[in-house]
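Numbering (my numbering), first residue to last: 11 to 629. Note that the Cβ used here is the ideal one computed from N, Cα and C, for glycine as well. Here's the structure, in structure tokens; my notes come after.
Written out as structure tokens, the structure reads:
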């Protein structure tokens with residue numbers, strides 16, 4: 011009989027088909043048991059509860075060792091959805107002082123993956139946050155009645171002072187972007203928000219731990235797995251010691267109540283910020299606890315912008331506080347020497363252009379020009395530089411040289427302070443004016459207002475204070491910073507290194523002397539202190555939107571400076587009216603610890619004066 015080879019081949023086809031089906035089943039089984047964590051999570055969740063243990067957040071002290079920010083316990087009600095069994099909702103709600111309707115909404119929000127992207131019925135979910143001690147006590151007694159629920163201890167911040175909110179910042183619950191950006195975080199975690207809490211978050215937060223608990227079939231906790239052998243202990247965050255003097259901060263804030271503006275004080279030799287005031291401000295304790303969200307919305311909607319840090323973010327015309335930079339640039343470039351004089355007949359008058367000035371002697375050299383804050387001197391000096399084509403080739407090239415010097419002194423770019431949100435201010439370049447006026451169609455007279463800190467020039471109070479510290483140091487500065495020490499950590503080198511502008515050191519002595527003359531017999535006479543030599547410079551910044559701004563910068567003692575201050579008060583008029591008194595009072599308070607009797611009247615004036623009406627602050 012002839013052999014049928016087609017049937018012979020069929021058995022291989024059938025065998026291959028059976029093998030393929032078996033392989034598919036094996037692959038699927040592998041995927042379900044190994045790759046898909048669903049069943050593993052289910053098995054683990056039946057036997058174990060992995061409970062996150064949150065670390066203690068680092069404490070924050072001021073420069074004198076006074077505790078400023080510390081921790082307090084808070085309690086969240088947590089649950090594993092698949093383990094929750096039918097329970098007495100009325101009893102549960104009474105224990106937590108909530109309504110059944112509120113409870114149902116919390117469950118709905120928890121399961122909504124738009125609101126809670128990390129939701130899983132196998133993992134712990136937060137139902138209620140930040141229980142009060144009373145609610146926590148009541149629930150703890152009844153917790154055995156509610157299988158699937160447990161209490162998670164957390165850490166919240168508390169503040170010893172109702173001050174320095176813009177410096178300290180606060181903590182908030184993480185959002186989806188935080189979790190995506192850093193895999194350390196999980197839904198329900200907290201992170202630093204604003205101020206030091208934000209910029210030093212990696213140091214302050216520590217590292218979370220894990221506690222593995224054994225569960226019985228009914229879900230009740232039986233104890234720790236293998237006596238905690240597999241637990242991971244949390245690592246506490248590192249403590250910070252700020253450069254801030256909290257008493258000086260409180261005092262400076264009290265002087266600025268009822269005013270808009272900023273006060274910045276720096277220790278020149280170290281770059282350490284002694285106080286950083288933005289006014290109006292708010293009590294940092296408002297952003298703690300279950301009312302945080304509501305309070306935050308109120309602050310956001312407050313028309314006085316208390317969340318806007320004017321010391322770092324406010325970009326203002328520096329006015330006459332800018333003139334020391336002009337003197338330094340003109341000396342460095344050889345445009346003037348100490349004997350060069352310029353006329354001032356109530357202002358700068360050239361080619362039909364007039365920039366007004368107050369009455370004083372004329373003609374006048376640099377030091378008396380700083381003493382009397384002469385506008386004409388610096389206008390003439392700026393014109394002599396920018397229009398000197400024989401040296402620079404064009405006004406644009408001269409202007410770029412001028413700008414280069416200013417950038418080296420800390421203007422036009424961020425200084426690099428260790429706080430979030432710093433503004434760079436604004437310093438135009440030649441291309442800016444080429445675009446506005448057309449290339450080659452502008453000269454010094456076209457932009458003459460920048461020579462006296464007006465026009466397009468904008469600076470932050472921090473930049474003004476840093477310039478003052480640079481003059482105090484006679485030609486160098488250290489990047490201003492708010493943190494003095496990090497526990498068990500070396501401070502970043504960029505916060506300790508000296509930075510030298512492009513101006514030769516010896517020129518600073520002359521500018522400092524001019525600022526000293528402004529206190530002894532010029533526009534800053536109100537800054538004079540008993541037995542302490544003070545140097546200063548007023549600023550009256552024109553404001554196209556209303557009354558002029560009052561500004562001042564000064565340092566003391568003159569020979570061995572310990573403090574450099576900048577004050578900026580919006581819509582306060584001449585620099586001598588508010589800027590000088592507030593700045594000098596801050597210096598006196600820091601250097602002597604009190605205000606001399608003969609200056610008490612000035613203190614009372616500043617404490618009681620109001621330029622706008624703000625809600626009373628809670629103490």
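Candidates the options: closest to residue i by CA position
i	options	result
residue 260	528, 565, 78, 499	78
residue 75	180, 256, 103	256
residue 98	143, 154, 125	154
residue 393	592, 539, 381, 346	346
residue 435	201, 320, 492, 457	320
residue 384	461, 432, 452	461
residue 604	612, 595, 611	595
residue 362	439, 353, 424, 455	455
residue 101	429, 149, 161, 191	149
residue 377	606, 521, 426	521
residue 608	540, 440, 416	540
residue 534	584, 324, 480, 618	584
residue 264	164, 482, 171	171
residue 353	501, 372, 453	372
residue 390	374, 399, 111	374
residue 431	425, 482, 323, 310	323
DSSP state of residue i mapped onto helix, strand, coil
i	result
residue 109	coil
residue 218	coil
residue 51	Unreliable placement is indicated for residue 51, whose pLDDT of 48 sits below 50; the coordinate value is still reported in the next sentence. Note: residue 51 maps to helix in three-state DSSP.
residue 191	helix
residue 345	coil
residue 489	coil
residue 326	strand
residue 613	helix
residue 120	helix
residue 86	strand
residue 81	strand
residue 546	strand
residue 601	helix
residue 269	coil
residue 626	Since pLDDT at residue 626 reaches only 48, below the 50 mark, its modelled position is unreliable, and no value is offered.
residue 115	helix
residue 507	coil
residue 97	coil
residue 258	helix
residue 11	At residue 11 the pLDDT is 49, less than 50, meaning the model places this residue with poor confidence and gives no usable figure here.
residue 138	strand
Residue j beta carbon less than 8 Å from that of residue i
i	j	result
residue 305	residue 296	yes
residue 178	residue 220	no
residue 357	residue 549	no
residue 285	residue 254	yes
residue 87	residue 27	no
residue 72	residue 252	yes
residue 67	residue 216	yes
residue 335	residue 477	yes
residue 589	residue 577	yes
residue 542	residue 567	yes
residue 575	residue 491	no
residue 91	residue 143	no
residue 499	residue 129	no
residue 119	residue 125	yes
residue 327	residue 467	yes
residue 580	residue 234	no
Bridge partner(s) assigned by DSSP for residue i
i	result
residue 183	200
residue 364	359
residue 274	286, 576
residue 63	219
residue 352	374
residue 560	550, 579
residue 499	496
residue 162	86
residue 24	Its beta-bridge partners do not exist; DSSP assigns none.
residue 539	542
residue 436	468
Sufficient close CB pairs (3 or more, under 8 Å) joining the stretch 82-96 to the stretch 237-246
no
Sufficient close CB pairs (3 or more, under 8 Å) joining the stretch 556-571 to the stretch 463-479:
yes
Please confirm if the stretch 545-559 is in contact with the stretch 362-371, defined as three or more CB-CB distances below 8 Å between the two stretches.
no
State whether the stretch 103-120 contacts the stretch 131-142, with contact taken as three or more CB pairs (one from each stretch) at a distance under 8 Å.
yes
At least 3 beta-carbon pairs within less than 8 Å: the stretch 179-187 vs the stretch 392-411:
no
So, do the stretch 501-520 and the stretch 414-421 have three or more beta carbon pairs nearer to each other than 8 Å?
yes
Can you find at least 3 beta carbon pairs, one from the stretch 385-405 and one from the stretch 482-489, that sit closer than 8 Å?
Here the stretch 385-405 makes no contact with the stretch 482-489; the two share fewer than three CB pairs at distances below 8 Å.
Looking at C-beta atoms only, is the number of pairs between the stretch 436-448 and the stretch 512-531 that lie closer than 8 Å three or more?
Verdict: no, contact absent.
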